[in-house]
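Visitor: Got a structure here, written out as structure tokens. Questions coming.
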Amino acid sequence: QLNMLSSTPYWTTSTGDASADTSKQVIQYVAILIAIFGTITNIISLSYFVAKLKSTNQTRNTEAHTKLFLALNIFDLLVSISSALRLLFEFFYVPFLFDTFAAIRRISVYATGFLTCLLAVVRAIHMFLPLKVPGRNGHSALI
């Protein structure tokens, strides 16, 4: 069992079983790839949401969704960066920094989960109680 807040890197402990040791190495390389690609894709996504937030043709409803997506993207980026740094400090065995970035990663994962749930609630509210905005011709429009 892996303890994400443990100061001892899991890959330094040998089980004596070659297949188990190989599995640990594969897990480590996959985690590095996820951290790298997650950081790149989250930066690209973040630039999209920042540009969308700066656009002037948004209603209050879509602006709120964009802000939630932006916050979600920021915490996803924190998860990716803290995962990469946690792996780096695990490799160089710097326990204090490893523990620090493991804690930042865990908090970011919880924040991402909370924001995902909040986004689902906001979507459900907007679907069942749509906001009525007066249209140009005097009729109400649903958003």
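The numbering of the sequence shown is my numbering, which starts it at 1056 and goes up by one.
For glycine and all other residues, C-beta sits at the position ideal for the given N, C-alpha and C.
1) In the stretch 1069-1151, which residue ranges form an unbroken alpha helix (DSSP H) of at least 4 residues, counting only runs that do not cross its ends?
2) Any chance the stretch 1134-1142 sits against the stretch 1160-1176, with 3 or more Cβ pairs inside 8 Å?
3) In this structure, how does DSSP classify Leu1184 when only helix, strand and coil are distinguished?
4) Specify whether the stretch 1078-1094 and the stretch 1140-1153 touch according to this definition: at least 3 beta carbon pairs, one from each stretch, less than 8 Å apart.
5) Taking the alpha carbon of Asn1199 as the reference point, which residue from Phe1151, Glu1118, Ile1099 has its own alpha carbon closest?
6) By a C-beta neighbour count over all protein chains shown, 10 Å radius and 16 as the cutoff for buried, is Phe1169 buried or exposed?
7) Measure the C-alpha to C-alpha separation of Ile1180 and Leu1173 and round it to an integer number of angstroms.
8) Can you find the residues in the same chain that come closer than 8 Å, C-beta to C-beta, to Phe1124, ignoring five residues on each side of it along the sequence?
Guide: From the atom records:
1) 1073-1109, 1115-1146
2) yes
3) coil
4) yes
5) A query on residue 1199 cannot be resolved here, the shown segment of the chain reaching from 1056 to 1198 and no further.
6) exposed
7) 11 Å
8) Phe1104, Leu1174
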